[in-house]
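Spelled out as structure tokens, the structure:
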């Protein structure tokens with residue numbers, strides 16, 4: 012995995028040599044030599060990484076190459092820090108220029124000396140490079156470098172399991188059998204998708220051997236895809252299996268045929284027969300595409316059953332098969348417990364004294380069958396004492412690393428990691444920074460990846476868009492899991508399987524990519540580059556060498572302010588720091604040393620008690636993200652305008668109570684000259700403070716994707732419209748008027764941003780702006796305190812992509828009518844505090860996709876919506892502070908799975924289900940409040 016560090020450095024060297032022209036003689040040549048040598052070593056590293064785990068000598072060689080790459084990167088950054096590029100003008104500049112020249116000369120000599128040392132090191136390492144043949148075997152013989160790998164690929168064992176050894180598979184098997192044997196006569200592709208170890212092959216084999224399936228298809232063939240794929244070898248294997256299945260000789264010359272002729276034979280054979288072909292373990296789209304046209308669509312009801320870790324492969328292969336994709340879910344808690352006891356206690360029950368610890372360990376497996384079998388197998392060999400099992404629980408990471416019984420489990424999970432391109436390997440290893448069970452917000456992760464330099468530039472895309480592609484690729488490959496979605500279908504948060512996280516923590520530590528400190532006396536590598544502190548802040552900085560540190564994170568410290576004074580919060584001598592994430596750290600004042608971190612790209616002080624930002628922040632010329640969300644900052648220094656690389660400026664907080672309040676969102680006082688920050692993509696929330704010149708400057712921020720402004724007046728509307736028309740990349744717009752009764756005038760917006768997806772308007776609207784119904788990309792609309800005429804919502808009903816509509820005092824009148832054919836894609840509807848509303852009517856054919864309906868504080872409403880039975884996809888119906896008599900008018904024909912009625916009493920929510928039982932343990936989280944009332 013040293014390839015990650017080398018590939019990253021090669022990109023950086025290319026950019027450096029292109030941009031830095033004022034270098035001392037000899038430096039460019041030395042850097043070019045280093046670059047060329049690393050380029051030639053890159054291919055060797057890829058093979059060496061795969062066998063190095065089993066060979067100490069080779070492992071040391073790989074480590075040396077990696078350290079050279081790291082040291083070279085450090086040297087390039089030191090050059091940027093130490094070489095002064097402050098070109099002043101005027102008569103008084105002469106002495107300053109002389110001083111700068113002297114300082115630069117010294118710095119360049121120092122850098123030249125370091126580069127020369129690195130050049131010598133890489134020459135030495137390059138001379139000792141191992142040589143490998145095409146099979147990855149050392150050509151230097153066993154006496155020099157052994158390449159024995161202790162892992163034997165046992166994925167084929169899944170084909171040998173007896174049905175009595177399986178748990179939780181029956182329903183899945185029945186569903187897949189039904190899909191295979193029923194349906195039309197066209198060729199059908201059914202995909203089973205899930206992460207490594209989830210039981211895809213086991214399930215497919217049970218279906219393949221099913222009696223009903225055997226009778227239905229004349230020909231059955233099982234093909235396991237090898238990696239890397241050797242297409243001609245695979246096709247010859249398929250030909251042999253096909254002809255063996257009907258007891259006929261294989262055509263002569265098969266061993267000499269190319270792939271085209273082999274595909275012709277396969278297609279000809281299959282054309283006249285109803286067949287079932289299983290393609291097990293398809294990883295990539297090209298593997299499917301190479302086989303697709305050979306598998307005849309013969310109009311006989313033939314099927315291809317495909318297993319894959321890649322959801323993109325699954326969806327693409329099934330395009331012509333009505334999306335027959337089976338997402339293999341984890342085992343339920345009961346199924347997991349059954350499998351655990353079967354493997355750990357030889358089908359006996361768990362001893363009572365071990366049950367608590369057994370379940371805690373089992374929770375780590377998260378329903379993954381391979382993990383349950385592997386971990387229970389380890390426990391079966393341990394002494395059955397509480398102390399022994401508590402030790403296993405606390406040291407699962409070390410157990411996975413060292414226990415030979417877990418080699419197969421570890422390697423199966425690592426197969427997906429090893430298949431990643433180097434830039435995705437960096438992104439994935441980065442997840443090891445976050446604590447276990449931590450929900451990782453996708454935008455936080457995207458901004459961090461960019462700050463670290465993991466995201467390459469692509470023509471026509473922002474780095475944020477490229478990073479989002481990376482995230483989706485990891486999701487498609489089942490490497491990470493979706494942990495939260497926005498109402499309009501975007502990924503909001505992700506997470507990583509707990510045991511997979513333990514594995515990558517070990518890998519990240521071994522290659523000095525990331526270190527995690529969980530305990531007060533935790534240790535980390537001498538040249539630690541990325542450090543995350545989990546619950547151990549007090550002693551984290553003692554005796555720490557931070558001169559190579561690039562990223563520093565603090566998580567869940569829980570320390571009082573007195574135990575972690577701000578002067579020791581940030582490690583000393585960390586001048587190369589690029590990422591500083593002090594989210595929720597126990598600090599009240601802006602740490603002064605931050606202003607000296609001149610390479611900093613990402614700074615988060617979110618959820619801290621900081622109130623002011625000093626003018627010295629102007630030194631952070633590379634800063635791309637400044638996250639002050641939910642801090643106490645309400646004003647920024649004018650020097651912030653010098654940060655021309657700033658992409659994301661988040662300075663706002665919400666104050667949540669039981670329901671939406673008009674004055675619950677606080678931003679920062681606007682800055683004259685904000686138009687200078689032309690790299691901004693997110694600006695939230697800015698108090699425009701009746702400043703027309705400032706509102707006009709917003710039109711200069713043409714890269715903005717999201718804009719939030721507060722304190723708007725009616726007379727500001729025309730100028731704001733003029734600015735918004737220039738923001739052609741805008742995806743989300745939030746506008747809050749100065750007071751609840753103040754009109755938001757957006758009628759003059761003749762050319763709205765066509766990419767706008769989310770619109771939040773808080774304040775009075777005299778009429779609904781005519782441009783809103785024309786925006787076909789709109790997915791989310793919040794209208795609060797609008798007080799529009801009764802028929803205003805009709806113009807929204809034909810928006811083709813609207814999925815979420817929140818209305819608070821949005822329209823006047825006693826009747827709210829949803830007409831047939833309207834709001835065809837709407838999934839969530841909130842109706843809050845319609846003070847004169849007495850009746851809601853839903854016509855047959857209105858809102859056919861609605862899944863959740865929330866009705867709040869409509870005191871005059873006389874009964875549940877008329878026609879609610881037409882909402883056949885409605886899953887959740889919520890009432891907040893509504894009369895119980897109204898709720899009881901819900902008839903049995905409504906057939907809604909979940910109905911809740913909720914009251915705000917004594918400072919907390921009381922939640923009841925329609926069945927009548929109080930759900931006393933049920934609470935509404937801050938996150939839920941943010942979503943509902945933001």
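In the numbering used here, the protein residues as written are 12 to 945. Heads up, the beta-carbon is just placed ideally off N, CA and C, and yes, glycines get one too. What you are looking at is a predicted structure, and each value in this text was computed from that prediction instead of being measured.
| Asked | Found |
| --- | --- |
| Thinking residue 86 and residue 38 are a contact (beta carbons under 8 Å), I'd like their distance in whole angstroms, please. | Actually they do not touch by this definition, with Cβ atoms about 10 Å apart. |
| How would you write the range of the beta strand (DSSP E) that residue 748 sits in, first residue to last? | 743-748 |
| Helix, strand or coil, according to DSSP, for residue 722 in the structure here? | strand |
| Can we say the region 644-658 touches the region 810-824, given the rule of at least three CB pairs closer than 8 Å? | no |
| Please identify the residue among 727, 475 and 753 whose C-alpha is closest to the C-alpha of residue 760. | 727 |
| Tell me the DSSP bridge mates of residue 697? | 679 and 720 |
| When you compare only the Cα positions, how much space is there between residue 276 and residue 237? | 21 Å |
| Which residues in the same chain have their Cβ closer than 6 Å to the Cβ of residue 581, if we skip the five residues on either side of it in sequence? | 602 and 604 |
| Are the CB atoms of residue 232 and residue 214 within a distance shorter than 8 Å? | no |
| Any chance the region 465-475 sits against the region 509-526, with 3 or more Cβ pairs inside 8 Å? | no |
| Less than 8 Å separating the beta-carbons of residue 452 and residue 421? | no |
| Tell me the DSSP bridge mates of residue 947? | What the structure shows of the chain is the stretch from 12 to 945, and residue 947 is not part of that stretch, so it cannot be assessed. |
| Leaving out five residues on either side along the sequence, give the residues of the same chain with a beta carbon under 8 Å from the beta carbon of residue 855. | 831, 878 and 881 |
| On the DSSP letters alone, give me the boundaries of the beta strand (DSSP E) that residue 499 sits inside. | Premise fails: residue 499 is in no beta strand (DSSP E) and is neither H nor E. |
| Quick one: measure Cβ to Cβ for residue 566 and residue 598, integer angstroms, because I've assumed they're closer than 8 Å. | The pair is not a contact, with the Cβ atoms about 14 Å apart (cut-off 8 Å). |
| Among 836, 723, 560 and 403, which has the Cα closest to the Cα of residue 89? | 560 |
| How about residue 612 and residue 632: do their beta carbons lie closer than 8 Å? | no |
| Determine, using beta carbons only, whether residue 702 and residue 681 come nearer to each other than 8 Å. | yes |
| By DSSP, does residue 578 sit in helix, in strand, or in coil? | Note that residue 578 has pLDDT 48, beneath the 50 cutoff, so the model's placement of it is unreliable and the number below is only indicative. In this structure, residue 578 counts as helix in the three-state DSSP scheme. |
| Could you check if residue 664 is buried or exposed, using at least 16 other CB atoms within 10 Å of its CB as the buried criterion? | buried |
| With the cut-off set at 8 Å, would you say residue 738 and residue 780 are in Cβ contact? | no |
| Just to confirm my understanding: we take residue 637, look at its own chain, exclude 5 residues before and 5 after, and list those with CB closer than 6 Å. What are they? | 614 and 660 |
| What are the boundary residues of the alpha helix (DSSP H) that residue 408 is part of? | 407-413 |
| According to DSSP, is residue 352 helix, strand or coil? | helix |
| By the three-class DSSP mapping on this structure, what secondary structure does residue 802 have? | coil |
| Any idea what DSSP makes of residue 419, helix, strand or coil? | helix |
| According to DSSP, simplified to helix, strand and coil, what is residue 369? | helix |
| Is the beta carbon of residue 691 less than 8 Å from the beta carbon of residue 652? | no |
| Expressed to the nearest angstrom, what Euclidean distance is found between the alpha-carbon atoms of residue 46 and residue 78? | 14 Å |
| Tell me whether the beta-carbon of residue 748 lies closer than 8 Å to the beta-carbon of residue 755. | yes |
| Would you mind listing the beta strand (DSSP E) stretches within the region 586-670 that are 3+ residues and don't spill past its ends, in chain order? | 590-592, 613-615, 636-638 and 659-661 |
| Looking at the secondary structure, which residues open and close the beta strand (DSSP E) in which residue 850 lies? | 850-853 |
| For the region 269-294, which segments carrying the alpha helix (DSSP H) assignment without a break, of at least 4 residues, lie completely within its bounds, in sequence order? | 270-281 |
| Name the DSSP beta bridge partners of residue 919, please? | 916 |
| Got a sec, what are the start and stop residues for the beta strand (DSSP E) residue 889 sits in? | 887-891 |
| Nearest-angstrom Cα distance between residue 197 and residue 310? | 5 Å |
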